[in-house]
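Residue numbering for the sequence shown follows this note's numbering, starting at 33 and increasing by one per position. For glycine and all other residues, C-beta sits at the position ideal for the given N, C-alpha and C. Treat the numbers as computed from the prediction; the structure is a model and nothing was measured. Please read the structure below before turning to the comments.
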Amino acid sequence: MEHTQIRAKLNASTITQFILLGFSEIPNLQGFLFGIFTIIYLIIIIGNSFITVITRIDPALQKPMYFFLANFSTLEICYVSVTLPRILFNIATQDRHISVPSCAIQTCFFLMLGASESFLLAVMSYDRYVAICNPLHYPLIMNPTKCIRLAVGSWLGGIPVQIGQTCQIFSLHFCSSNKINHFFCDIPPILKLACGDTSINELSVYLVAILFAAVPFMLILASYSKIIATVLKLPTATGQAKAFSTCSSHLLVVFLFFGSATVTYSRPKSSHSPEIDKVFSLFYTIVTPMFNPLIYSFRNKDVIGALRKLLYRK
Numbered sequence: 033m034e035h036t037q038i039r040a041k042l043n044a045s046t047i048t049q050f051i052l053l054g055f056s057e058i059p060n061l062q063g064f065l066f067g068i069f070t071i072i073y074l075i076i077i078i079g080n081s082f083i084t085v086i087t088r089i090d091p092a093l094q095k096p097m098y099f100f101l102a103n104f105s106t107l108e109i110c111y112v113s114v115t116l117p118r119i120l121f122n123i124a125t126q127d128r129h130i131s132v133p134s135c136a137i138q139t140c141f142f143l144m145l146g147a148s149e150s151f152l153l154a155v156m157s158y159d160r161y162v163a164i165c166n167p168l169h170y171p172l173i174m175n176p177t178k179c180i181r182l183a184v185g186s187w188l189g190g191i192p193v194q195i196g197q198t199c200q201i202f203s204l205h206f207c208s209s210n211k212i213n214h215f216f217c218d219i220p221p222i223l224k225l226a227c228g229d230t231s232i233n234e235l236s237v238y239l240v241a242i243l244f245a246a247v248p249f250m251l252i253l254a255s256y257s258k259i260i261a262t263v264l265k266l267p268t269a270t271g272q273a274k275a276f277s278t279c280s281s282h283l284l285v286v287f288l289f290f291g292s293a294t295v296t297y298s299r300p301k302s303s304h305s306p307e308i309d310k311v312f313s314l315f316y317t318i319v320t321p322m323f324n325p326l327i328y329s330f331r332n333k334d335v336i337g338a339l340r341k342l343l344y345r346k
């Protein structure tokens, strides 16, 4: 028994790199996947960059709502750039090795930016709440200084906790295998490789998920419950439709992001399936950033108007 434990520890100490299996189970589709992911990455970069630029240069979009939207679009570019370039590299070279420090860095940035996205979505819902439920005081409440503070807090708020969680996860011994059955270094598949009892680590992941996903989501629901109650009191159907249209885009992004992320991180390790995890991970890592510019552009008259002015000027 002691010999087995010593051998396991020696094996754990020799692991210096992981292997990201990604989509290796479908070798015949590697070229197709590379093309699809390249197109998706370009759509995300171009679409979100467009929103960031147009909200900066168009005078009609100099409002808190579009200030936060520009931050969100910039965040989406950073968020997807943590995972997609590595996916493309692995598919193109078929070299799926990643060093343990590189894996830890990818996990840390992914978690930090994911926390920032949760906070920023909550801030955007608060902005809509003030605009609809307290319109007379909106310019005073959502003044430029407060908007900047809320944005900075969203970007930086999750850094200390997520660095701590990353250090905790990667301080574990990995002795069963070094093959991560995922397309990036995510916590659930990494915990599966750890030796011994990881219940404390699972509890930590669960508590952090509550802090950075469940709490912002509950704040968003609270904001929208107030918004819906206020909108239903509006005297005209036109006013109700206009109010709901400014919120529907944000709500769609919220449910895409939080729904898939919650399912992934709130389940115990024993119930995780690699295939299901990959599907849900695709939603909050790739699908949401890709649809963000489409959702906000086509459902927002101000953005469409700014685009028309820009095209006519050109």
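- Can you check DSSP and say which residues form a bridge with Ser131? Gln49
- Message: Measuring straight from C-alpha to C-alpha, what distance separates Gly185 and Tyr111?
- Response: 17 Å
- Determine the contact status of Val162 and Met174, defining contact as a CB-CB distance below 8 Å. yes
- According to DSSP, is Ile21 helix, strand or coil? Any property of residue 21 remains undetermined from this structure, which presents the chain solely from 33 to 346.
- Item | Start-to-end residues for the alpha helix (DSSP H) that takes in Thr198 | Ile191 to Phe202
- Task: Starting from Met97, follow the alpha helix (DSSP H) in both directions and report where the run begins and ends.
- Result: Pro96 to Ser113
- Would you grab the beta carbon distance between Val286 and Ile252 for me? Rounded to a whole angstrom, and I think it's under 8 Å. 6 Å
- Task: Out of Ile75, Ser131, Asp229 and Phe99, point me to the one whose CA is closest to Asn210's CA.
- Result: Ser131
- Message: Taking the beta carbon of Gly54 as the centre, do at least 16 other beta carbons fall within 10 Å, making it buried, or is it exposed?
- Response: buried
- Compute the distance between the beta-carbons of Leu288 and Thr317, then report whether it is under 8 Å. no
- Report the three-state DSSP secondary structure of Asn166 (helix, strand or coil). coil
- Message: Here's a check: name, in chain order, each residue in its chain whose Cβ is nearer than 6 Å to the Cβ of Ser105, leaving out the five neighbours to either side.
- Response: Asn80, Ile83 and Thr84
- Which runs of the beta strand (DSSP E) fall wholly inside the region 57–88 and span at least 3 residues, in chain order? none
- Query: From the DSSP output, which residues share a beta bridge with Ile212?
  - Reply: Leu52
- Query: By the 10 Å Cβ neighbour count, where 16 or more other Cβ atoms means buried, how is Phe215 classified, buried or exposed?
  - Reply: buried
- Cβ neighbours of Ser157 in the same chain (closer than 6 Å, five flanking residues each side left out): Ile252 and Ser255
- Message: Can you tell me where the alpha helix (DSSP H) holding Val237 begins and where it ends?
- Response: Ser231 to Ala241
- Item | For Ile327, three-class secondary structure by DSSP | helix
- Query: With a CB to CB cut of under 7 Å and the five nearest residues on each side skipped, what residues in its chain are close to Leu182?
  - Reply: Val155
- Message: Considering only the alpha carbon of each residue, which of Cys140, Pro133 and Ile72 lies closest to Met322?
- Response: Ile72
- Query: Between Gly337 and the rest of its own chain, which residues show a CB-CB distance below 8 Å, the 5 nearest in sequence each way excluded?
  - Reply: Ala92
- Task: Excluding the 5 residues preceding and the 5 following Arg39 in the sequence, name in chain order all residues of the same chain whose CB lies nearer than 6 Å to its CB.
- Result: Model confidence at Arg39 stands at a pLDDT of 49, short of 50, so the residue's coordinates are unreliable; what they give is reported in the following sentence. Cβ within range, chain order: n/a, list empty.
- Using the Cα positions of Gly189 and Ser134, report the straight-line distance between them to the nearest angstrom. 23 Å
- Message: Does the region 55–64 come into contact with the region 115–131, if we say contact requires no fewer than three beta-carbon pairs (one atom in each stretch) closer than 8 Å?
- Response: yes
- Task: Starting from the C-beta of Asn122, find all residues in its chain whose C-beta is less than 8 Å away, skip the five residues before and the five after it, and write them out in chain order.
- Result: Leu52, Gly54, Arg128 and Phe215
- When the Cα atoms are used, what is the spatial distance from Phe66 to Ala136? 24 Å
- C-beta contact flag for Phe100 and Asp159 at 8 Å: yes
- Under a Cβ-count criterion, where at least 16 other Cβ atoms within 10 Å of its own Cβ denotes burial, should Lys265 be classed as buried or exposed? exposed
- From this set, Phe151, Leu74, Leu153 and Ile164, which residue's C-alpha is nearest Ile259's C-alpha? Ile164
- Flag this pair as yes or no: are the beta carbons of Ala245 and Phe290 separated by less than 8 Å? yes
- Expected contact under 8 Å - CB spacing of Gln200 and Cys140 to nearest Å: No, Gln200 and Cys140 are not in contact; Cβ-Cβ is about 11 Å, not under 8 Å.
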